[in-house]
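Undergrad: Once you've had a glance at the structure underneath, I'll fire off some questions.
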Amino acid sequence: MMHSFLAGLSLALAQATQAPPATRPPSTPDSVDAFVAAAMERMHIPGVSLAVVRGGKVVKAKGYGFADVERSEQVTPETVFKIGSVSKQFLATGIMLLAQDGKLSVDDPISKHLAGTPESWRGITLRHFLTHTSGVQREGPAFTPIRVQPDSVVVQSAYPQPLQFPTGSKYQYCNVCYFALADIIARVSGTPWDAFFAKRVFAPQGMMATRTTTTDPVPRSAKGYVWRNGSYTVAPPYTALRPSGAFLSTALDLAKWDAALYRDDVLTRASREAMWTPVRLVDGRTHGYGFGWELDSLDGHRTVSHGGSLPGFRAEMTRFPDDSLTVIVLTNADGASPAIIADGVARAYLPPRTRARP
Numbered sequence: 015m016m017h018s019f020l021a022g023l024s025l026a027l028a029q030a031t032q033a034p035p036a037t038r039p040p041s042t043p044d045s046v047d048a049f050v051a052a053a054m055e056r057m058h059i060p061g062v063s064l065a066v067v068r069g070g071k072v073v074k075a076k077g078y079g080f081a082d083v084e085r086s087e088q089v090t091p092e093t094v095f096k097i098g099s100v101s102k103q104f105l106a107t108g109i110m111l112l113a114q115d116g117k118l119s120v121d122d123p124i125s126k127h128l129a130g131t132p133e134s135w136r137g138i139t140l141r142h143f144l145t146h147t148s149g150v151q152r153e154g155p156a157f158t159p160i161r162v163q164p165d166s167v168v169v170q171s172a173y174p175q176p177l178q179f180p181t182g183s184k185y186q187y188c189n190v191c192y193f194a195l196a197d198i199i200a201r202v203s204g205t206p207w208d209a210f211f212a213k214r215v216f217a218p219q220g221m222m223a224t225r226t227t228t229t230d231p232v233p234r235s236a237k238g239y240v241w242r243n244g245s246y247t248v249a250p251p252y253t254a255l256r257p258s259g260a261f262l263s264t265a266l267d268l269a270k271w272d273a274a275l276y277r278d279d280v281l282t283r284a285s286r287e288a289m290w291t292p293v294r295l296v297d298g299r300t301h302g303y304g305f306g307w308e309l310d311s312l313d314g315h316r317t318v319s320h321g322g323s324l325p326g327f328r329a330e331m332t333r334f335p336d337d338s339l340t341v342i343v344l345t346n347a348d349g350a351s352p353a354i355i356a357d358g359v360a361r362a363y364l365p366p367r368t369r370a371r372p
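In this note's numbering, the protein residues as written are 15 to 372.
Encoded structure:
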């Protein structure tokens, strides 16, 4: 069975690229397919869904390999993947929407919206949770992937734990902070947070494939895989719904979201700029993270991005706002590095940076 799958995968990739896989980054859009095929072979990725978007318009959308190894179902741009922490930008968007509605402020103390917070959380604000600078530990002790439970239970399990560092003094990734933000969105809006996003974000943008992760069958969805001892095994699913990695989506749905980020119909320009501003620490230094987005650069081009992972899935969405370019890479392999693929693909579409003459 595995031998026949590997043969089928090689054939599918060869048909997709019509050229031997390239091992170096693509220099032109025409060489992207070979680059992706080579990365899939090297990283043992069954399937990849790719979208390249310029100025909110899709210029390339393609699936490679298989969404379901056992059934030899091929990936398409409409294949549904778990996107892990790429979801954090949506949780941050929910907070900003409520701020735009005048229902909260990002500088509100957490204690204003959550009852029973400990004394150690007195100085923690929504801004600290959005930017991973609160000092709260990464995971809530009550979280388990095999139990469905309210977000508040996971958040409250972190209450007795000491802060890892003084609030605002450093960046340290915090998933339970995004559980808390989801709970706050539900409490302030008076709507379950998944329904809030469906109504306020996904449906208005036509993102009909984007929804919360579920153990129920989802049409056109990819299976997640782990490469172990020379073969693929199906990754164990999470029963729990993690707000920190909440959503399923497709490359084309995320392209619709990218287009919305050029307009004011969801987030105002002021909200978007706030989300894409590096957090300032108490000592005056900044760190390259905003509200649910990582802030960096590639070859001198400014990037606004986020990766995500859940068992059997790795995803990356990288925006180049000064170049009006976005690359979305969704994979169904536990060991994939979609950021490497996204960077390579981006280099085929970005204009070269030239140094100014002295």
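Even for Gly, the Cβ is constructed at its ideal location relative to N, Cα and C.
1. Compute the beta-carbon to beta-carbon distance between Trp207 and Pro257, rounded to the nearest angstrom, for a pair I have assumed lies under 8 Å.
2. Specify the secondary structure class of Pro43 as computed by DSSP and reduced to three states.
3. Helix, strand or coil: which one does DSSP assign to Tyr192?
4. Can you list, in chain order, the residues of its chain with a C-beta nearer than 8 Å to that of Tyr185? Leave out the 5 residues immediately preceding and following it.
5. Excluding the 5 residues preceding and the 5 following Lys76 in the sequence, name in chain order all residues of the same chain whose CB lies nearer than 6 Å to its CB.
6. Runs of 4 residues minimum, wholly inside the segment 171-253: which ones carry the alpha helix (DSSP H) assignment?
7. Could you check how far apart the C-beta atoms of Gly137 and Asp272 are, in whole angstroms? I think they sit under 8 Å.
8. Just to confirm my understanding: we take Ser125, look at its own chain, exclude 5 residues before and 5 after, and list those with CB closer than 6 Å. What are they?
9. Short of 6 Å in beta carbon distance, which residues of its chain neighbour Arg225, apart from the five on each side in sequence? Order them along the chain.
10. Looking at C-alpha atoms only, which residue of Gly220, Asp278, Pro180 and Val167 is the closest neighbour of Ala196?
11. Start and end of the alpha helix (DSSP H) containing Arg299?
12. For Val46, which residues in the same chain have their Cβ closer than 6 Å to its Cβ, ignoring the five residues on either side in sequence?
13. Using C-beta distances below 8 Å, list every residue in its chain close to Met9, excluding the 5 sequence neighbours before and after it, in chain order.
14. Look at the Cβ atom of Val67, then the Cβ atom of Leu339, and state whether they are nearer than 9 Å.
15. Would you give the residue range spanned by the alpha helix (DSSP H) that Lys117 belongs to?
16. When the Cα atoms are used, what is the spatial distance from Val169 to Pro43?
17. Among Leu105, Glu133, Gly116 and Gly349, which has the Cα closest to the Cα of Tyr173?
18. Just to confirm, are Ala106 and Phe305 a CB contact at a threshold of 9 Å?
19. How far does the alpha helix (DSSP H) with Ser285 in it reach, from first residue to last?
20. By the three-class DSSP mapping on this structure, what secondary structure does Glu133 have?
21. Determine the DSSP secondary structure at Ala353, reduced to helix, strand or coil.
22. Once you ignore the five residues that flank Cys191 on each side, which residues in its own chain have a CB closer than 7 Å to its CB?
23. Among Thr282, Arg152 and Ala254, which residue has its Cα nearest to the Cα of Gly108?
24. Inspect the beta-carbon positions of Ala249 and Ile160 and report whether they are closer than 9 Å.
25. According to the Cβ coordinates, are Gly61 and Val100 closer than 9 Å?
26. Going by DSSP, what residue range makes up the alpha helix (DSSP H) through Asp336?
27. Go through its chain and collect everything with a Cβ distance to Arg277's Cβ below 7 Å, but skip five positions before and after it.
28. Looking only at its own chain, which residues have a Cβ that is under 7 Å from the Cβ of Thr229, when we skip the five neighbours before and after it?
29. Residues in its own chain within less than 7 Å of Met57 by CB, not counting five upstream and five downstream?
30. Distance, Cα to Cα, Ala269 vs Asp115?
TA: Result, derived from the coordinates:
1. Right, their Cβ atoms sit about 7 Å apart.
2. DSSP places Pro43 within a helical segment (H, G or I) once states are collapsed to three.
3. In the structure shown, Tyr192 sits in a helix (DSSP, three-state: H, G or I).
4. Listed in chain order, the non-local C-beta contacts of Tyr185 below 8 Å within the same chain comprise Thr145, His146, Thr147, Val293, Leu295, His301 and Tyr303, local neighbours out to five positions each way being set aside.
5. Result list for Lys76: Leu64, in chain order.
6. Within the segment 171-253, the complete alpha helix (DSSP H) segments of 4 residues or longer fall at 189-203 and 207-211, listed in chain order.
7. That pair is no contact at about 35 Å.
8. By the criterion of a C-beta distance shorter than 6 Å, Ser125 is surrounded in its chain by Thr131, once the five residues flanking it on both sides are discounted.
9. Answer for Arg225: Leu262, listed in chain order.
10. The candidate whose alpha carbon is nearest that of Ala196 is Val167.
11. Careful: Arg299 lies outside any alpha helix (DSSP H) and carries neither H nor E.
12. Taken in chain order, the residues that qualify are Pro40, Val359 and Ala362.
13. As displayed, the chain neither begins before 15 nor continues past 372, which places residue 9 out of reach and without an answer.
14. Yes, Cβ-Cβ distance for Val67 and Leu339 is below 9 Å.
15. Per DSSP, Lys117 lies in no alpha helix (DSSP H) and is assigned neither H nor E.
16. About 45 Å.
17. Residue nearest to Tyr173 within the set Leu105, Glu133, Gly116 and Gly349 is Glu133 (criterion: CA-CA distance).
18. Yes, they are a contact pair.
19. Run containing Ser285: Arg283 to Met289, per the alpha helix (DSSP H) assignment.
20. Residue state, collapsed to three classes: helix.
21. The answer is helix: DSSP assigns Ala353 an H, G or I state.
22. Phe143, His146, Ser148 and Val150, listed in sequence order.
23. The residue among Thr282, Arg152 and Ala254 with its C-alpha nearest the C-alpha of Gly108 is Thr282.
24. At a Cβ-Cβ threshold of 9 Å, Ala249 and Ile160 do not count as neighbours.
25. Contact flag unset, no.
26. Where Asp336 is concerned, there is no enclosing alpha helix (DSSP H), given that its DSSP letter is neither H nor E.
27. Excluding positions up to five away in sequence, the list is empty.
28. Within the same chain, Pro251 and Thr253 come within 7 Å of Thr229 by CB-CB distance, once the 5 residues on both sides are set aside.
29. If you ignore the 5 residues before and after Met57, its C-beta comes within less than 7 Å of the C-beta of Ala347, Gly349, Ala350 and Ser351, all in its own chain and listed in chain order.
30. CA-CA distance, Ala269 to Asp115, rounds to 26 Å.
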